[in-house]
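Here is the structure we will look at.
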Amino acid sequence: MAEWLGQNTLLLGLALLDGLAYAALVFMVAVGLNLVFGVLRIINIAHGSLFAIGGYAAASLGLFLAAHGLPGWIQYVALVLAAALVGGILGPVIERLVLRRIYGHEQVLQLLVTFALFMILEDVQKLVWGVQPVTNDAPLRLLGTVDVPFGEDVIPFTAYQLFVLPGVALATLGGLAWFLRRTLTGRIIVAVTTDREAATAMGIDARRVFLLTFTFGAGLAALGGALASPTTTLVPGIGASTIVLSFAVVATAGLGQIEGAAISSLLIGIGRSAAVYLAPEFEVVVPYLIMVAVLLVRPQGLFGVVETRRV
Amino acid sequence: MLELAGVTVEIAGVSVLRAVSLHVPAGGRVALIGRNGAGKTTTLRTLMGLLPCRAGRVLIGGEDETHLPAHHRPRHGIGYAPEDRRLFGSFTVRENLLLPVQVLGLPAAEQARRLDAVFTLLPELAELAPRRAAGLSGGQGKMVALGRALMVGTRAVLLDEPFQGLAPALALRYAEALSRLHHALPEVAILITESNPELLRPLVERTFVIERGEIAPAG
Ligand SMILES: Nc1ncnc2c1ncn2[C@@H]1O[C@H](COP(=O)(O)OP(=O)(O)O)[C@@H](O)[C@H]1O
Ligand SMILES: [Mg+2]
């Protein structure tokens, strides 16, 4: 074991750093999925499409701005702006035109509808961006790399993945926790999540909360995609793999737990990238092995509470 | 103040209330008595607009408000303490009490005034204020639910089986609180549901009995 470790510290270090950056992105998607499910009680399969479209929009906007010779820092504004546009436009459109019609219906129908939505958005995305890979790694290059000491080795790692991604994820976690606990709008969202009927009887317009929460969750997914876009090549299918992974995170964490979603994002993000480096043939299954292992021991997820009566 | 006129309500295709009529006058204290499953909770939920009426009308202050959305009822001065308390467990007692008036957008001074009034009426809530609602005992939770209903219930409060499951000493305290409420705020109408017909007799002026979704006026 010690010998193996000695030979593989570099790989281990890379897996850890990569996993951390990856976990940050997965968290952005999973936390929105969790929030949306908590309030709307709909498992939104199309959540991954918002991640993909956020990524494409950010890459296109970044390339466009670079082509017009705008300064480098604009690239980072473009990431956030693209996410805000995607969330702010697609969020309300989807909630009003599609989801509003299926609240309170059987879960099978809801799954079918959001799956259909996912297929439609995937086609829209192909229509707009085609099937050729799209990349804009300017935000990654502009910040350069950092030498991370790891044992006797030094791992050069991009500052973007080392600082920006985990930083944004941490800020999202802290900001969201503060927002949900300390602001009236946040408490209203928590009230609707806890007990929609009681919240309504207290004067809360649940429909408005649905719209707000969905738009916010869509924005988080799009921001995840936008932040991911400099680190990866965008191709069709990226939405599907993201949504499946964030389902694994949400199931592992248990519903309604944002801190839990952060920890299980770390678990699954690092687990997955450890597999990428150490046992690539298992890359695809490792997240689900982690999920299954957790659910076997705790069916309600790591941090979930057993659901009592919910009328 | 509150009235159901020939209201029929269906849940999952079954009529749970059939041509129900019930009147709660302004400042009146009214009991709705019925066995388990008779339709008491459904009646209160209908008054709150949480269930649609198949037929009939809901009147608030004499106006037809059958189609007034549920979340507008607190604005009309109606407070509701649902069966099983239904507090928001992750909030403190104070946050639970304040939520409905914050949602209404009342000025901070008015919010504080109402909170004080509730604390005066139910002094134990002042002590419980910083505690998390999830950690309360059943009896404490009922008091908080009553307080929360009173925060917006300036014209009427609907209390769904508040005595159910209360130990005799606690039930007595709750009944005393209701008497204090009536003397301090005589303009607030009270509608209470209960399965035991004897329990509420000293507290109310009028009793309706509901059986299998039908109300026959009595007492
Ligand atoms: N959500 C529901 N789904 C199906 N049936 C319901 C539901 N809520 C109430 N009922 C039925 O309506 C009837 C009246 O219920 P309820 O108003 O809760 O009675 P009570 O409060 O007097 O015990 C019961 O027969 C109950 O089974
Ligand atoms: Mg009942």
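Residue numbers (my numbering), protein chains in the order written: chain X, 1 to 311; chain E, 1001 to 1219.
In this text, a Cβ means the ideal position worked out from N, Cα and C, and glycines have one as well.
At a beta-carbon threshold of 9 angstroms, none of the residues of chain E lie near X/THR185; the nearest stands roughly 10 angstroms away.
With respect to chain X, the C-beta atom of E/ARG1086 has a partner C-beta closer than 7 angstroms. Burial of X/GLY269 is indicated by the presence of at least 16 other C-beta atoms within 10 angstroms of its C-beta. Between X/GLY304 and X/GLY271, the C-beta spacing is not below 7 angstroms. Neighbours of X/VAL209 across chain E, judged by C-beta separation under 9 angstroms, do not exist; the nearest C-beta is about 10 angstroms away. Only those residues of the segment 193-204 of chain X whose C-beta falls short of 9 angstroms from the nearest C-beta of chain E are listed: THR194, ASP195, GLU197, ALA198, ALA199, THR200, ALA201, MET202, GLY203 and ILE204.
If you draw a straight line from the Cα of X/VAL284 to the Cα of X/ILE290, it is about 11 angstroms long. The continuous stretches of beta strand (DSSP E) do not include X/PRO287, which lies in the alpha helix (DSSP H) extending over residues 286-297. Taking 6 angstroms as the cut-off, one finds at least one heavy atom of ligand 2 near enough to the beta carbon of E/THR1041. Rounded to the nearest whole angstrom, the C-alpha separation of X/PHE27 and X/SER265 is 5 angstroms.
For E/HIS1182, the secondary structure class from DSSP, reduced to helix, strand or coil, is helix.
Taking 6 angstroms as the cut-off, one finds at least one heavy atom of ligand 1 near enough to the beta carbon of E/ILE1011. E/ALA1070 has a beta carbon lying within less than 7 angstroms of a beta carbon in chain X. Under the Cβ criterion of 7 angstroms, X/ALA66 is not counted among the residues facing chain E. Within chain E, the residues whose beta carbon sits less than 9 angstroms from that of X/ILE188 are LEU1099, GLN1102 and VAL1103, listed in sequence order. Contact note: X/ALA191 reaches chain E through PHE1088 and LEU1099, using a C-beta cutoff of 7 angstroms and chain order. In the three-state reduction of the DSSP assignment, E/ASP1084 falls in the coil class. Distance from the C-beta of E/GLU1065 to the nearest heavy atom of ligand 2 is not below 6 angstroms. Contact note: E/LEU1122 does not reach chain X at a C-beta cutoff of 7 angstroms; the least C-beta distance is about 18 angstroms. Any Cβ of chain X closer than 7 angstroms to the Cβ of E/LEU1136 would place that residue at the interface, and such an atom is absent. For the segment 1156-1172 of chain E, the set of residues with a beta-carbon nearer than 7 angstroms to any beta-carbon of chain X is empty. Looking at the DSSP output, E/ASP1064 bridges to E/LEU1059. Annotated three-state conformation of E/HIS1023 is strand, per DSSP. When distances are taken from the beta-carbon of X/ALA177 to the heavy atoms of ligand 1, even the shortest one reaches 6 angstroms or more. For E/TYR1080, the closest Cβ of chain X is nearer than 7 angstroms. A straight-line Cα-Cα distance of about 35 angstroms links E/ASP1160 and X/LEU33. When 7 angstroms is used as the limit between beta carbons, E/LEU1050 is near these residues of chain X: GLU197, THR200 and ALA201, in chain order. Here X/ARG208 is not bridged, per DSSP, to any residue. By the Cβ rule, the segment 227-242 of chain X counts as touching the segment 122-140 of chain X, because three or more pairs are nearer than 8 angstroms. The alpha-carbon separation between X/GLY175 and E/LEU1150 amounts to approximately 33 angstroms. Rounded to the nearest angstrom, the gap between the Cα atoms of X/TYR288 and X/VAL294 is 10 angstroms. Taking the Cα of X/ILE102 as reference, the smallest distance to any Cα among X/ALA116, X/LEU90 and X/ILE89 is reached at X/ALA116. Take the alpha-carbon of E/VAL1188 and the one of E/ALA1177: they are about 14 angstroms apart.
The alpha-carbon separation between E/ARG1086 and X/ASP195 amounts to approximately 7 angstroms. Within the segment 1185-1218 of chain E, complete beta strand (DSSP E) segments of at least 3 residues are found at 1189-1194, 1206-1211 and 1214-1218, given in chain order.
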